[in-house]
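Here is the structure we will look at.
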Amino acid sequence: MDRGRRAMPTGNKACHERHVRKCQDLHRQQLTSIKSTIDNKPPKTLRAVAGTNAKKQQLMEDRYAQIERDNRILLEKMSTIMRSRPTVALAESVEAQARYAKSLNRESRKRELQRITRENARILAAIQSSEPVYNSGQWEREARDHERYLKNICEYPVSLLTRSPSVPEVDEGGDEGEGGGGGSAGRGGGGGGW
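Using this note's numbering, read the sequence shown as starting at 45 and increasing by one per residue.
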């Protein structure tokens, strides 16, 4: 509820809340059934005008047919190349690679690779041995404190707070209203007031 309505005095909070909820539902219903007054649809085209571009369509079909024909010819050529004498071409390529594979800076590249590997291992060890900066336990304690403060200052029950099931909720002794079920409505439901 916004501040303006909360500041208005009411005789019965339940009746006032029911009236506000009814007004909001009516407003939502009116918003869903609203119709625009501006026609923003594309203009209607005449069928005779839309179908007069037959020459362009014929040119596109011819182009696609030519592309299909070229693709089929290329595929046939590739298949004949793959079927005929693959071992001779493969042996020639392996021989050419062996002949020209001598690198002048092979040793320097090898040393550089070893240096990078050592540096990466050193960085990994430093990362694994460092202590974490964030403390998730402290975050959980602060979140519980903030929830308790929120429950203490809210006029109506808080229903937006949901705790993920992977994080167990720790009871810090004697706090009522922290369990998530049924708690007290209104102020001061939990312990630990100010």
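Backbone N, C-alpha and C define an ideal beta-carbon position, used for all residues, glycine too.
Assigned exposure category for residue i - 16 Cβ within 10 Å defines buried
{"i": "alanine 195", "result": "As written in the sequence, residue 195 is lysine, which differs from the alanine given in the question. The residue in question, lysine 195, is buried, as its Cβ has 16 or more Cβ neighbours within 10 Å."}
{"i": "arginine 192", "result": "buried"}
{"i": "glycine 217", "result": "The predicted model places glycine 217 with a pLDDT of 48, which falls under 50 and marks its position as unreliable; any figure quoted below should be read in that light. By the 10 Å Cβ count, glycine 217 comes out exposed."}
{"i": "arginine 231", "result": "At arginine 231, the pLDDT of 43 sits below 50, so the modelled position is not reliable and the matter cannot be decided from this model."}
{"i": "leucine 205", "result": "Per-residue confidence for leucine 205 stands at a pLDDT of 49, beneath the threshold of 50, marking its modelled position as unreliable; no derived number is given."}
Min CB distance residue i to chain E below 8 Å
{"i": "methionine 122", "result": "Chain labels in this structure do not include chain E; a single protein chain is all it has."}
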